[in-house]
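Single-structure report; data block below.
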Amino acid sequence: MIRLIAISIGLAVALTGPLVGVAHAADKPRLILQITVDQMRGDLPTRYRERLGEGGLRYLLDQGIHYNNAHHTHANTETVVGHTTLATGANPAAHGMVGNLWFDRNAGKTVYNIEDPNYSVLTGGAGVDADTEIDPTQKAASTDGRSPKAILTSTFGDELSTATAGRAKVFGVSVKDRGAVSMAGHTGKAFWFSKSAGQFVTSNYYYDQYPEWVVQWNAKGMPQTYSGKSWELLNPISTYLFGDRDDQKWEPDFAGFGRTFPHPFGTTDSKYFTTLLTLSPAGDQITADFAKALIDNEGIGEDEITDFLGVSFSATDYVGHFYGPSSLESEDNILQLDRALADLFAYIDKKIGLDRTLIVLSADHGAPEAPGYLEELGGLGGYVTPDAWDTAPAAERIKAKFGISGTLIEGYDHPYLYLSEEVRNNDAIDQTALETAIADELVGFDGVAYAVSSSNLREGALPDNALTRAVLNNYHPDRSGDIYVVFKPGWFINDMDGLSVTVTHGSPWRYDTFVPIIFAGNGISQQTVSRRVHTVDVAITLSTMMGTPPPSGAAGEVLLEVLGQ
Ligand SMILES: [Zn+2]
7 MIRLIAISIG LAVALTGPLV GVAHAADKPR LILQITVDQM RGDLPTRYRE
57 RLGEGGLRYL LDQGIHYNNA HHTHANTETV VGHTTLATGA NPAAHGMVGN
107 LWFDRNAGKT VYNIEDPNYS VLTGGAGVDA DTEIDPTQKA ASTDGRSPKA
157 ILTSTFGDEL STATAGRAKV FGVSVKDRGA VSMAGHTGKA FWFSKSAGQF
207 VTSNYYYDQY PEWVVQWNAK GMPQTYSGKS WELLNPISTY LFGDRDDQKW
257 EPDFAGFGRT FPHPFGTTDS KYFTTLLTLS PAGDQITADF AKALIDNEGI
307 GEDEITDFLG VSFSATDYVG HFYGPSSLES EDNILQLDRA LADLFAYIDK
357 KIGLDRTLIV LSADHGAPEA PGYLEELGGL GGYVTPDAWD TAPAAERIKA
407 KFGISGTLIE GYDHPYLYLS EEVRNNDAID QTALETAIAD ELVGFDGVAY
457 AVSSSNLREG ALPDNALTRA VLNNYHPDRS GDIYVVFKPG WFINDMDGLS
507 VTVTHGSPWR YDTFVPIIFA GNGISQQTVS RRVHTVDVAI TLSTMMGTPP
557 PSGAAGEVLL EVLGQ
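Going left to right, the sequence shown walks through residues 7 to 571 as my numbering numbers them.
Next comes the structure, spelled out in structure tokens:
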């Protein structure tokens, strides 16, 4: 009998190819939902596994393919870099998003990644409010214009759109503009949350006027319903891993939000009301609600042409920066994100069917631990204070050696040091020797592990190791600076434009490169894969599964398990 079954299965395989492969190939999903959790380090979904509810992260972990050793392969683990890498499958060297900020040599100023003065936000007064903005990179933008034009390669969503004569619907949604714009790509539509307007907005790159449903969603005033309320714990405090550590001395008390639960949002007329919403699970609840309205009103997943929706959840990032990943706030935030995901998945199941929806969840970067927390446990780490660096003697030595009389350094936009134009344009100076000399001086500074000269990188003069490759993957000749600075593991600058935060990501070390990659739904069965995989693998896997061309800069490898191979 067993032998007969074996023969039958053998015959079926001979006629149709691998059985699992058939199941996947036959059913293209109606929706590909790409979820990016901002700053979700790879261990965090499973750290709280037994505390999770049903239907959210547990659905993904229990029914999906979980890659538990996934990493970014670029050095500058910042938000727009990671999001664009996930969307395009390209390295920043190709997609061009080398950092949240870079120094634009033509414009002679530091620019914000997706700023584009040609495409204004549709809502007046919805640009960045420099008075209350806690994200220093946002403040570098001098206009409210936003578009994906600075992203230099196509996204998977772009390929889906061009392969279907524009019939595939492609959208990106996030609290952060850069989270939404990168996911929507060049052909999709992006919506993000304006903290100054308290509404979801878009720019005239995407629309001449708002769709009626967006006007209605904003009119219902969901963010404003949090007025006078507080961020409260989801569960009894005794059930939390960090339940006895609510008040950790390194946590800042920002704008009356406090270091312990409950954290009050204030009222709609408080200066930081919307900022505090985004610094709590409320930001993700608002984002998920907007995504549900989008699915309903745009008819996402309603026909056989696969649609793409990218949703980036930002609260984990803001909460992580302020309280660190090992805090009661971060733990509760993950448990509440889990509930927001469960709610979104239940809605999608009702409208489209989770069996016809392929979900892929990952993160734009991980996060370090708070140095104070590590110190208590005996770990390694600390804050780098560039203000304490007396750069003058080093600069004088370099200037004397190379005969430079004017300005040596234009500025530092993490992670790059930019030399002055005057020095760069001086043919009498050996640029490689100059950069190498500066790099040698920098490694003598507190907290600096390596400094990498871009000329040495271009000339292939550096050892072929993981760090060099990560810095090379990050290198774009028009945007990268002249020296890449890497701090020691566990060390980072915690000064966000005058605001002291608990942790800052952005290093090439493993706690920052480590993210989850989980594929679920559309016939996928549960598997945990510990082979090392990379975030550039996500887009090429999606395009191969869908039979579209790969995104133009795609650098990764196909994750065969997702294709049932
Ligand atoms: Zn981020």
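Using N, Cα and C, we set each Cβ at its ideal position, and we do this for glycine too.
Per DSSP, reduced to three states, the secondary structure at F319 is strand. Under the three-pair Cβ rule at 8 Å, the segment 359-375 counts as touching the segment 519-527.
Secondary structure in the segment 81-144: the beta strand (DSSP E) runs of 3 residues or longer, each lying completely within the stretch, are 107-110, 115-118 in chain order. Every unbroken stretch of the beta strand (DSSP E) spanning 3 or more residues and falling wholly within the segment 412-476 is given here in chain order: 415-419, 422-425, 454-459.
Ligand 1 has a heavy atom closer than 7 Å to the beta-carbon of H371.
Set against 7 Å, the gap from the CB of T85 to the closest heavy atom of ligand 1 is smaller. In the three-state scheme derived from DSSP, where H, G and I count as helix and E and B as strand, I301 is classed as helix.
For ligand 1, a non-hydrogen atom lies closer than 7 Å to the CB of D44. The straight-line gap separating the alpha-carbon atoms of A352 and G61 is approximately 7 Å. Between the C-alpha atoms of L569 and Y73 there is a straight-line separation of about 14 Å. Segment contact: the segment 273-281 against the segment 220-234, three or more CB-CB distances shorter than 8 Å; contact assigned.
Per DSSP, Y232 lies in no alpha helix (DSSP H) and is assigned neither H nor E. For a cut-off of 8 Å, the C-beta gap from G151 to P123 is around 4 Å, short enough to register as a contact. D370 sits away from T52, with the two beta carbons spaced by 8 Å or more.
Shortest gap from the CB of D323 to any heavy atom of ligand 1: under 7 Å. Pairing V181 with T284 gives a Cβ-Cβ distance under 8 Å. In the structure shown, I71 falls within a strand segment according to DSSP collapsed to helix, strand and coil. W223 is positioned such that its CB atom lies closer than 8 Å to that of A299. Taking all protein chains in view, the Cβ of K115 is surrounded by fewer than 16 other Cβ atoms within 10 Å, so the residue is classified as exposed. Beta-carbon to beta-carbon, T508 and W256 are separated by about 5 Å, close enough to satisfy the 8 Å threshold. The three-state reading of DSSP puts A76 in strand, counting E and B together.
As DSSP reads the structure, D313 sits in a beta bridge with L37. Of the candidates T322, P483, P217, the residue whose Cα lies closest to the Cα of L463 is P483. According to the DSSP assignment, Q205 belongs to no alpha helix (DSSP H) but to the beta strand (DSSP E) extending over 205-207.
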